[in-house]
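Take a look at the structure below.
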Amino acid sequence: MRHIISILLENEAGALSRVSGLFSARAYNIESLTVAPTEDPSLSRMTIVSIGSDDVIEQITKQLNKLIDVVKVVDLSEAAHIERELMLVKVRATGKDREEMKRIADIFRGRIIDVTESTYAIELTGNNAKLDAFLEAIDSALILETVRTGVCGIGRGDRILKI
Amino acid sequence: MLLTGAEIVIKCLQEEKVDYVFGYPGGSVLYLYDELFKQDQVKHILVRHEQAAVHAADAYSRSSQKIGVCMVTSGPGVTNAVTGIATAYMDSIPLVVISGQVPTHYIGQDAFQEADTVGITRPCVKHNFLVKDVKDLALTIKKAFYIAKTGRPGPVLVDIPKDITNQKCDFSYPKSVTMRSYNPVTKGHSGQIKKALQLLLEAKRPMVYAGGGVILSDAADKLASFIRALGYPITNTLMGLGGYPATDKQFVGMLGMHGTVEANMAMQNCDVLLAIGARFDDRVIGNPEHFNDARRRIIHIDIDPSSISKRVKVDVPIVGNVADVLDDLLKQLAATDTRPDAKALAVWWKQIEEWRARKCLKYKQGSDVIMPQYVVEKLYEVTGGDAFVTSDVGQHQMWAAQYYKFDKPRRWINSGGLGTMGFGLPAAMGARFANPKATVACVTGEASIQMCIQELSTCKQYRLPIKIVNLNNRYLGMVRQWQEMFHGNRYSESYVDALPDFVKLAESYGHVGMHIEKPEDVEPALRKAFTTHKNDLVFLNFLTDQTANVFPMIAAGKGLSEMILAEDL
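Chains A and B supply the protein sequences, listed in that same order. With the working numbering applied, the first sequence covers 113 to 275. With the working numbering applied, the second sequence covers 2 to 570.
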């Protein structure tokens, strides 16, 4: 099962490596990891996507809670939540492809954020599946470069992760 | 008052009532050692290798409930200490390790004796700190002591760059510390405790399995009161020995890979299992599926939630400090009229006594060759069962655990989790510093002892009258045993050639050496060592049977009831 684990942790040097080190030391899997400071600059919010059985995910959350720098851990995927990922794609956009690329980007509610004579840079947000779908919708030969942030997520409604 | 970083560190240690610091000086800790020199409240013990400093501090803690403290220099000082730190981490021993670091402006420049200490030690400490500002120093050390001792204990390392130890700032030592990210629990959930007691009282075939957590939380007396009130059988893990009196009739011996028949069979066949401060590790439950095949309900008390349902699913988890939870259990037991089912318990005990009657630890001591088990039994008799016994790792460790009956906690000191050869001698030093009048014996083998043999010099310097009981079988005994049982008798690299003359070796360090080859000389030699040479370090080199194996044995990955006994072979 795919789980989205949200972590609130002290924004201190080395905190990230404590988390990533835990995953490698215990052979847990990381699909993606994003981290940045919160509105309170002494705290960071991290989102980890991991795949594992319920037992493994339970161990992961327990082990994360044991880290001294970790303040709170929530498995977002236990209840209703929203996940988003940002992707930037640079594509070749010449001739008839130029118009087609613009059209597909519009369908996916992407935005073209950089233009040259022969390329577009397209910005796209959404969940994993949407970003994957976009990459499948365009001609793979035209993709020059992609970069994705990894998933960040938030609980729906009253579910709030805060101190 | 303005103090230098080095002065602040020593003041902090004094505030924490630290008696001993085990360490070794070097370039980046020179200011710290200068301040140590100027005072005499905190005494420094100079070891001969940093690994030994950590083992000694570790055993100091194991044998006294206090926090062990060590000090090492940057680079190789720290890398040498890593084995010791990992040993303490695996056994949840509270330590504060202070390491020097190159000056802040050199960090990252591949400076002389620079190592990424925080990075190297991260996976084997409970927490670590790099102090980048002298103003953070006092609070960081306060946090280190707090984190080391509370919750599930463990080693905490504080890495201090040399320039920080020479900068000045105002000093005041914080009285207490609170951390929003670290709030260990103590009390267990009262509803869960109630449920646990009810389940225990309903049991027809109860069993209690107690580990190192009982010793770490100083709960041995409470455990004994509770278990005696119930009249249930109890086993201890390797780390838990002494947590329940081994000579008590309810004690069924150690369990696990080299546990007794009665302990392992009772574990497998019980209907309610109470696990206290133990973690169902692979040396106890080698095969969780086999263990689960027998239906039983499990209550698990542990301070670390991640130890619960990690390898074996439990029915009633109780997260809390073992001593606090036992307190609550005792109170609730006193408040209820329900008592265990005496009839069912009598039937269960009859079954356990049948298992016990197989005498799985019996061995034959002939007149020619010394059996290693015999030496441990005689050691037990000669020391009245009251010594602090440290051990290294291997067959001798298992024999010491099986044949020395520990009635008190903190007397049995061994590297259970990491299994560190070389632990025994420095551990004996630490135990002796913590218990300056106590009898301290180190049960070891000729291979393990050579991994920290240099500490004989430290023992001389501080006049430590440790008795080293060397069970010398000229083999890496446990490796040889596995090669015999699982690798077709191919003794690959397990024969130890070119051994030193241990008697001369001990003498060259200024100690007493004895060589014992005959069974009839075992007891007299031990008596002489513990009486005539009471105040000397004595190295007793016992030449023992080369073919002796540790039994019972459960092969790796096998179930608790799949023991191999000596009589089977």
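We treat Cβ as the ideally placed atom computed from N, Cα and C, and that holds for glycine.
- By the neighbour-count criterion, in which 16 or more other beta carbons inside 10 Å mark a residue as buried, Ile180(A) falls on the buried side.
- Close CB contacts of Leu500(B) within its chain, under the 8 Å cut and outside five residues either way in sequence, are with Glu447, Asn473, Arg475 (chain order).
- Here Asp222(B) is exposed, its C-beta having fewer than 16 other C-beta atoms within 10 Å.
- Within 7 Å of the CB of Glu122(A), the CB atoms of chain B belong to Ser182, in sequence order along the chain.
- A residue is called buried once 16 or more other Cβ atoms fall within 10 Å of its Cβ, and Met452(B) is buried on that count.
- Contacts between Gly133(A) and chain B, judged by CB atoms closer than 9 Å, involve Gly120, Arg123, Pro124 in chain order.
- Per DSSP, the continuous beta strand (DSSP E) segment holding Thr237(A) begins and ends at 231–238.
- Remark: three or more beta-carbon pairs, one from each stretch, lie closer than 8 Å, so the region 46–61 of chain B and the region 20–33 of chain B are flagged as touching.
- The beta carbon of Ala137(A) falls within 8 Å of a beta carbon belonging to chain B, placing the residue at that interface.
- Between Leu330(B) and Phe252(B), the C-beta spacing is not below 8 Å.
- For Ser182(B), the closest alpha carbon among the candidates Lys208(A), Asp218(A), Val182(A), Val203(A) is that of Val182(A).
- A check of alpha carbon separations from Phe146(B) across Lys163(B), Ile108(B), Ile94(B), Gln193(B) identifies Ile94(B) as the nearest.
- Contacts with chain A at 8 Å (Cβ-Cβ) include Pro306(B).
- In this chain, the alpha helix (DSSP H) harbouring Ile216(B) covers 213–217.
- Here His50(B) has Tyr25, Asn81, Cys453, Gln455, Glu456 as same chain residues with Cβ atoms under 8 Å from its own Cβ, once five neighbours each way along the sequence are excluded.
- Between the region 132–140 of chain B and the region 153–162 of chain B, the count of Cβ pairs shorter than 8 Å is three or higher; the stretches touch.
- With contacts defined as CB atoms closer than 8 Å, Val513(B) and Leu538(B) qualify as a contacting pair.
- Taking 7 Å as the Cβ-Cβ cut-off, the region 142–163 of chain B approaches chain A at Ile148, given in chain order.
- Scanning chain A for C-beta atoms nearer than 9 Å to the C-beta of His291(B) yields nothing, as the closest lies near 18 Å away.
- In this chain, the beta strand (DSSP E) harbouring His128(B) covers 128–131.
- Taking a Cβ-Cβ cut-off of 7 Å, Arg157(A) has no neighbours in chain B, whose nearest Cβ is about 14 Å from it.
- The C-beta of Pro525(B) has fewer than 16 other C-beta atoms within 10 Å across all chains shown, which makes the residue exposed.
- Taking a cut-off of 8 Å on C-beta distances, the region 332–341 of chain B does not touch the region 477–486 of chain B, as fewer than three cross pairs fall below it.
- For Gln199(B), no beta strand (DSSP E) encloses it; the enclosing alpha helix (DSSP H) starts and ends at 191–203.
- Proximity to Arg298(B) across Gly321(B), Val376(B), Asp272(B), Gly232(B) peaks at Asp272(B), based on C-alpha coordinates.
- Contact between Gly85(B) and Val55(B) holds, since their C-beta atoms are separated by about 2 Å, short of 8 Å.
- A Cβ of chain B is located within less than 8 Å of the beta carbon of Lys174(A).
- Our two residues, Gln52(B) and Thr118(B), have alpha carbons roughly 15 Å apart in a direct line.
- Taken in chain order, the whole beta strand (DSSP E) runs of length 3 or more contained in the region 57–118 of chain B are 69–73, 96–102.
- Met113(A) counts as exposed, since fewer than 16 other beta carbons sit within 10 angstroms of its beta carbon.
- Contact check for Ile255(A) against Leu247(A) passes: the beta carbons are separated by less than 8 Å.
- In this chain, His512(B) is not harboured by any alpha helix (DSSP H), its DSSP state being neither H nor E.
- Looking at the backbone, the Cα of Ile555(B) and that of Arg280(B) are separated by about 18 Å.
- At a Cβ-Cβ threshold of 8 Å, Ala149(B) and Ala428(B) do not count as neighbours.
- In terms of Cβ geometry, Phe407(B) and Trp400(B) do not form a close pair [threshold 8 Å].
- Using a CB distance cut-off of 8 Å, Ser129(A) counts as an interface residue toward chain B.
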